[in-house]
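Chemist: Before we start, here is the structure in question, set down as structure tokens.
Numbering (the working numbering), first residue to last: 100 to 454.
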């Protein structure tokens, strides 16, 4: 590592300070899993996460309850334009059964994720959320169902939801337009995120790493937007193409860049809840373990019924689609332990005092 890079790195680690060009250098220099820069960033990120969260890794029970979506995002396998998708919707009773099984397995956070499916009106969502809240008073209920009005978000919150995940995908208008149809806009996504914060949710944003047309400057813009938003959770993962999308032939996002971004995020946002995603495990056999070592502290095993897991295909070749919930949890516990950490039965709220 040359002297200039060493000075930039030292300033970033010690003072959390870097201008845009320095951030770009930290993102793209010596992008190898065993490079000196990667190792220093990884070790610093791990030291920071352990100083705040120890070796604890929080589990979130993911319930993918619908793969219908009104949107036609160019990167997504469940886009409305994909006529080859075998669509499904879970009933309220099926969702509650997923929660029952998850609660018995020790999950204290449920994540209800789906496409933007107009079948699930606000009344239906509120009924599902309030039923979960009545049955399990000590859990966190997370929603990840896309862009809604502020009034809709408020109704879910009053019903008992307390977290909301809404990846911003990219904070650059031009790049956003290249990934989405014209009726979708970054300004709308941004407004939704600020509405969620204002209501009182623990808010999660995030972006794809290595998405089509993405530049290092785009990634720097993502970091700056996150500094502005100050979300509680930041979810990132590598872009993985799907054959039934316009990006079927696009290059997959890289492991090295995703891990580099995780370490940078942990250093910039010490308090944040950072998932080590299924997508990381999909592109590399030890991807989730490497993600934890790079600064992540959350994993999200699947509680969805096995019969529908293969149908919720945002990208292809997703792992763990054939495992029962208990198998997913046991497998992840072993992987987390092998990485040097431990899964805990805990809601896993953000440590806001470190903001």
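All C-beta atoms, glycine included, are put in the ideal place defined by N, C-alpha and C.
Keep in mind the model is a prediction, meaning the values are calculated, not measured.
Following a CB-centred definition, is residue 232 positioned closer than 7 angstroms to any heavy atom of the ligand ADP?
Modeler: For the structure depicted, the ligand ADP is absent and the ligand set is empty, with no information on it obtainable.
Chemist: If you measure between the beta carbons of residue 376 and residue 416, is that distance less than 8 angstroms?
Modeler: In this structure, residue 416 does not lie closer than 8 angstroms to residue 376 by Cβ.
Chemist: Quick check: the Cα distance between residue 309 and residue 356, rounded to an integer number of angstroms?
Modeler: Taking the straight line joining both Cα atoms gives about 8 angstroms.
Chemist: From residue 264 to residue 434, what distance separates their C-alpha atoms?
Modeler: If you take the alpha carbons of residue 264 and residue 434, they lie about 25 angstroms apart.
Chemist: Please list the terminal residues of the continuous beta strand (DSSP E) segment that includes residue 210.
Modeler: Element bounds for residue 210: 208 to 213.
Chemist: What number of angstroms, rounded off, separates the C-alpha of residue 157 from the C-alpha of residue 443?
Modeler: In a straight line, the C-alpha of residue 157 is about 6 angstroms away from that of residue 443.
Chemist: If you follow the beta strand (DSSP E) that residue 262 is part of, which residue opens it and which one closes it?
Modeler: Taken as a continuous stretch (DSSP letters only), the beta strand (DSSP E) holding residue 262 covers 262 to 264.
Chemist: Taking only the alpha-carbon atoms, compute the straight-line gap between residue 216 and residue 132 and give it to the nearest angstrom.
Modeler: Rounded to the nearest angstrom, the two C-alpha atoms are 40 angstroms apart.
Chemist: Can you list, in chain order, the residues of its chain with a C-beta nearer than 7 angstroms to that of residue 261? Leave out the 5 residues immediately preceding and following it.
Modeler: Excluding sequence neighbours, residue 261 sits near 239, 240, 300, 301.
Chemist: Tell me, which residues are paired with residue 163 by DSSP?
Modeler: Partner(s): 212.
Chemist: Output the boundary residues of the alpha helix (DSSP H) element that contains residue 326.
Modeler: Run containing residue 326: 315 to 328, per the alpha helix (DSSP H) assignment.
Chemist: Using the C-alpha atoms, what's the distance from residue 316 back to residue 323?
Modeler: Rounded to the nearest angstrom, the two C-alpha atoms are 11 angstroms apart.
Chemist: How would you label residue 214, buried or exposed, when you count the other beta carbons within 10 angstroms and need 16 or more for buried?
Modeler: Classification of residue 214: buried, given that the 10 Å Cβ count is 16 or more.
Chemist: Considering residue 155, what are the terminal residues of the beta strand (DSSP E) in which it resides?
Modeler: Run containing residue 155: 155 to 158, per the beta strand (DSSP E) assignment.
Chemist: In the DSSP assignment, find the alpha helix (DSSP H) that holds residue 290 and state where it starts and stops.
Modeler: Taken as a continuous stretch (DSSP letters only), the alpha helix (DSSP H) holding residue 290 covers 285 to 298.
Chemist: Exposed or buried, residue 280, counting other C-beta atoms within 10 Å across all chains shown (16 or more means buried)?
Modeler: Classification for residue 280: exposed.
Chemist: Taking only three categories from DSSP, how would you classify residue 241?
Modeler: It is a strand residue.
Chemist: Could you tell me if residue 105 is buried or exposed, where buried requires 16 or more neighbouring beta carbons within 10 angstroms of its beta carbon?
Modeler: By the 10 Å Cβ count, residue 105 comes out exposed.
Chemist: Return the bridge partner residues of residue 231 from the DSSP annotation.
Modeler: Its beta-bridge partners do not exist; DSSP assigns none.
Chemist: Is DSSP giving residue 303 helix, strand or coil here?
Modeler: Looking at residue 303 - three-state DSSP - the assignment turns out to be strand.
Chemist: Which residue wins for smallest C-alpha separation from residue 296, given the options 170, 228, 330?
Modeler: The shortest Cα separation from residue 296 among 170, 228, 330 belongs to 330.
Chemist: Can you tell which of 136, 148, 108 has the C-alpha that lies nearest to the C-alpha of residue 449?
Modeler: Nearest of 136, 148, 108 to residue 449, Cα basis: 148.
Chemist: Can you list the alpha helix (DSSP H) stretches of 4 or more residues lying completely in the segment 384 to 420, in chain order?
Modeler: Entirely contained in the segment 384 to 420, the alpha helix (DSSP H) runs reaching 4 residues are, in chain order, 386 to 392, 405 to 408.
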